[in-house]
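The numbers in our numbering rise by one with no breaks, and the one at position 726 of the sequence shown is 962. We treat Cβ as the ideally placed atom computed from N, Cα and C, and that holds for glycine. In what follows, a single structure is set out as structure tokens and then discussed.
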Amino acid sequence: MNRRRRLLAGGLAAGLCASWCAPAFAQDQGGGDEQPAQRTIVPPKLVKFVEAEFPQSEAAAGKGATVVLQIAIDASGAVADVKVLESAGAAFDTSAVAAAKQFVFTPALVDGKPIPVKITYKYVFTFTQKMVKKTTADFEGVVRDRRTKQPLSGVRVAVDTGQSAVTDEQGHFKIDDIAVGEHGVTLSGEKLTSVGTTETFEASKKIDAVYEVEPKKEKTGNPDEEEEIVVTAPRIKKQVISTEVKAEQAVRVPGTQGDVLKVVENLPGVARAAAGSGALAVWGSAPQDTRVYVDGIHVPRLFHDGGYRSIINSDFVKSVELVPGAYGASYGRGLGGLVTVSLKPLDEDGVHGSVSGDTIDASASVRAKVADKWHVAIAARKSYLDSTTSLVTSQNVGEYIPIPRFWDGQARLVYDVGPHETLELGGLVSSDKTTRQLPNADPSLATSQTTTTDFNRIYLRYVKHLKEGGVVEVVPSYGKDSTSLLNVYGSTPTNVTNDSDVFGLRASWHGPLMKHFDAAFGVDGELYSSTLHRSGSIGAPPREGDIYVFGEAPPPQINSDDWKTVIGSVAPFAEGDLALLDDRLHIIPGARLDPLITMTNKVAPPQPGNPNIAYQREESVIEPRLAVRYAFTPRISAKVAYGEYHQTPLAEEMSAVFGNPTLALSYSQHELIGTNFQLTQLLSIETTAFYRTMNNLVVRTENPNPVVGHALDQIGIGRAYGVQFLLRQDKGNGRFFGWISYTISRSERQDAPNLPWRLFDYDQTHVFTALGSYDLGLGFEVGARFRFASGYPRTPVTGAYYDVVTDTYEPIFGFHNSIRIPSFYSVDVRFAKHFRIGSTSAEVYLDVQNVTDHTNDEEIVYNPNYTQRGYITGFPILPVVGARWAW
């Protein structure tokens, strides 16, 4: 790019005379023949020049332009003002003025004294082809020996676009103008075993790659010996509706405080969780219906209690993907959505890590290459929000909004078995404890609830890339889940505990099966062996669909039970991806066979002198899945999908006293249709209409005195339908990214054939999120988020009566879930500053939630005689101040 600039001598002289020459002559007019004193004038000198950007909007015309400016320079040499004297159009004028305002001059001098002056400056824009933004990508890098780190020459680097280059003596290669998108890259040559991988190319961006490869072994001379070719096959694109966010973008989303996985709560289809809850309700499903996997390992939750933090350190996360429905055959056992977390590969040299802390918690992580083939990573986090809440808000929110105490940790050890083969030993651990209270002047009416949730997983992951392009992955895992709930109303406690051993196995192969057809085959095994205890009121805690009001006394009937369950299955699955019509049409069929077994150690409450009678149920179901994507043009595509899904009952529901040991599977069908428009390279809009039906849902029996072992029935049905929109701007090489998501939906349940349809307890008609983050330059970043959501449905209290037996008022309810908690809205802002400290980096940030201090009602409460209604409110303004240092 060539930009010429020149100072106009006449303009400079005129500026100086306007400031000094005229006053000097005026003083001399009354003085006879005496000559005026000659002043020594030194013009300003430009010492800092800033180039103006050639406007992209004018590049298409292929013409340059000239802008004449008047620049006011103060006595220090700084630019005080810039005006356009001769315009070349708004785009050129804006660019020239912006650059000129950053100029720095030496001061103008008169007799050695600095003075303010005005000069005329001509900015000439000259057009060259480089000013047109590239729509392709550049690719260069180095290929070196994996063991010796020495560069390898003569290696052919080929992209599946047909472009290629050969490395020079320094192992360097370069390929320009590669079409954007994901492409296969193959390295081959006499000195190495052929290897392949995939790279994602972005417009006007260069990929700098370092490939460490295994030199080829000497051939034995056997004529039947074949050359080994290893290609990393892309996974089947089986999800036609999903939203994936890369870690480097998610960490900058306002309201997340740098927690990558918290971005999920901002994605379309996800209902806003109530304050103090980390529940994940997707497309009108219950929180327990959405499955969460970390690199294929099932975990019971994505967030800690309260939703303030996720369970995985962000330094470990590569990306997170939400599939709200109609997902592929490799996953099952859930009626709702699917969240998959991908961990970063451990392939770095040296030692890397970070430490961070803010108002909520503190965390640290370390990743290191400890030997030639060994990598290790460790991370830990501990919360202290329960101690800092009083420092950042003047209100005693802890009395009503539960403040959790949590910690978590992760550890990974990776061994490079071979150049295309790895073995990883890893572990996850998480712990939560939360107490929720409803104070009352009368201790007999006070309510408190304490929950604990602990889990851990240990796994072994084996991955091998085969020479024909397939990938084999085997992941056995084992862990424990422990939950407890202590619910106290006055002197009446309800206690529930569940301790489970969890066994998992995922084994799969995916890769090209034939031309235009990729496939995946595998097995997904899971088994839960649980020991449970429950004592207290038969109706506490309330379950979804119960008609109650927050703080209401539980039913007075008391009972207890101890039982054991085993729930498991080993499900084979298969799916494919058939690409037709020059890759414009993708047909993705799949099927999953799930033979499920549920067992409990007793079918009825034990009787003195009689042994327990165990119960076992076996069911096998076939779950067909089908998805179709069609690209009408490179920018416009459509999608449809259908799937059938099943879910086992919860172990807590299989009590012979409080539940039903004979519960069977629940069923769901997902259907969706949608479109995607790529408006620009970085801006897209996606729309999806969905419909979900559910059958055999577990509900509380209507009979106040149910048959033994039938406190729960399986006669409920449900439906959820709606439309979601996502307008998304990716950052690319720019400074801004963000999205607007809106979901309008309805979720309903029918608890029995004779009952009318009602709103689901987690239904939210409208959920709207708009967020964005902008890089201001010089390490500064600012972002904002606006959220709006309909309130949860609740059942109104229309009156009350006095119970002389319990000496309390009992509510009289109206139609089930016919009113709502008031709508929620909040504005959050984020300010951050990034630093470079030698070879390390640091960040300080201020993440302010609910910056307008809007009072959001989170729950309805009543006075003891139900004559007055009030609300428990959520967090007021919550400033979270934090810092992070990484190396």
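For residue i: DSSP bridge partner residues
| i | result |
| --- | --- |
| histidine 752 | None; histidine 752 has no bridge partner. |
| asparagine 731 | Leu722 and Ser771 |
| glutamine 905 | Glu880 and Thr929 |
| tyrosine 1107 | Ile1096 |
| proline 860 | Ala827 |
| isoleucine 872 | Thr869 and Phe913 |
| alanine 887 | Its beta-bridge partners do not exist; DSSP assigns none. |
| leucine 817 | DSSP, once it has assigned bridges, lists no residue as partnering leucine 817. |
| lysine 800 | Thr767 |
| tryptophan 975 | Arg964 and Leu1007 |
| glutamine 386 | None, per the DSSP bridge assignment. |
| tryptophan 1121 | Val591 and Ala1078 |
| tryptophan 643 | Lys618 and Ser667 |
| lysine 410 | Glu376 |
| asparagine 692 | Val665 and Lys716 |
| glutamate 657 | Gly654 and Lys700 |
Residue from the options with nearest C-alpha to residue i
| i | options | result |
| --- | --- | --- |
| lysine 703 | Lys337, Ser424, Trp993 and Pro1112 | Ser424 |
| leucine 558 | Asp1039, Lys580 and Ala517 | Ala517 |
| glutamate 811 | Pro638, Ala373 and Ser566 | Ser566 |
| aspartate 1011 | Arg603, Met930, His1070 and Phe1022 | His1070 |
| threonine 923 | His946, Gly958 and Ala316 | Gly958 |
| leucine 321 | Leu305, Ile309 and Phe894 | Leu305 |
| arginine 1023 | Asn502, Ser902 and Tyr881 | Asn502 |
| histidine 1052 | Asp782, Phe739 and Val1040 | Asp782 |
| threonine 688 | Gly706, Val708, Ser720 and Asn932 | Ser720 |
| valine 1018 | Ser920, Asp310, Val1080 and Glu855 | Val1080 |
| glycine 390 | Val416, Asp999, Ile774 and Pro451 | Pro451 |
| serine 859 | Ser873, Tyr881, His540 and Thr658 | One detail in the question is off: residue 859 reads as glutamate in this sequence, not serine. Among Ser873, Tyr881, His540 and Thr658, the Cα nearest to that of glutamate 859 belongs to Tyr881. |
| glycine 761 | Phe753, Val738 and Pro778 | Val738 |
| glycine 491 | Trp1123, Gly1118 and Ala1122 | Gly1118 |
| glycine 895 | Thr276, Thr403, Gln950 and Gly654 | Gln950 |
| glycine 945 | Gln965, Val1116 and Ser796 | Ser796 |
| histidine 822 | Pro655, Ala874, Gly645 and Gly573 | Ala874 |
| isoleucine 547 | Thr1005, Lys319 and Arg693 | Arg693 |
| lysine 337 | Gln646, Pro350 and Ala314 | Ala314 |
| glycine 520 | Ile1055, Leu661, Arg508 and Val587 | Arg508 |
Where residue i falls, given that 16 or more other Cβ within 10 Å makes a residue buried
| i | result |
| --- | --- |
| glutamate 888 | buried |
| methionine 750 | exposed |
| tyrosine 544 | buried |
| phenylalanine 642 | buried |
| histidine 906 | buried |
| aspartate 1043 | exposed |
| glycine 1035 | exposed |
| isoleucine 1108 | buried |
| arginine 527 | buried |
| glycine 398 | exposed |
| isoleucine 953 | buried |
| alanine 262 | With a pLDDT of 34 at alanine 262, under the threshold of 50, the predicted position of this residue should be treated as unreliable, though the coordinate-derived value follows. Burial call: exposed. |
| glutamate 287 | exposed |
| tryptophan 993 | exposed |
| histidine 752 | exposed |
| arginine 240 | Interpretation of arginine 240 is limited by its pLDDT of 35, a score under 50 that renders its predicted location unreliable; no figure is taken from the coordinates. |
| alanine 947 | buried |
| alanine 344 | buried |
| glutamine 386 | exposed |
| leucine 832 | buried |
N- and C-terminal bounds of the alpha helix (DSSP H) containing residue i
| i | result |
| --- | --- |
| phenylalanine 1071 | Here phenylalanine 1071 belongs to no alpha helix (DSSP H); instead the beta strand (DSSP E) covers 1060 to 1073. |
| glutamine 843 | Segment: none, glutamine 843 is in no alpha helix (DSSP H) and carries neither H nor E. |
| threonine 330 | 326 to 336 |
Limits of the unbroken beta strand (DSSP E) element including residue i
| i | result |
| --- | --- |
| aspartate 396 | Counting along the chain, aspartate 396 falls outside any beta strand (DSSP E), and DSSP gives it neither H nor E. |
| serine 578 | 574 to 579 |
| glutamine 292 | Unbroken run through glutamine 292 is the alpha helix (DSSP H), 292 to 295; no beta strand (DSSP E). |
| aspartate 317 | 315 to 322 |
| aspartate 597 | 597 to 607 |
| lysine 498 | Unbroken run through lysine 498: none, as it is neither H nor E. |
| arginine 1023 | 1016 to 1025 |
| valine 304 | 301 to 309 |
| proline 350 | 349 to 351 |
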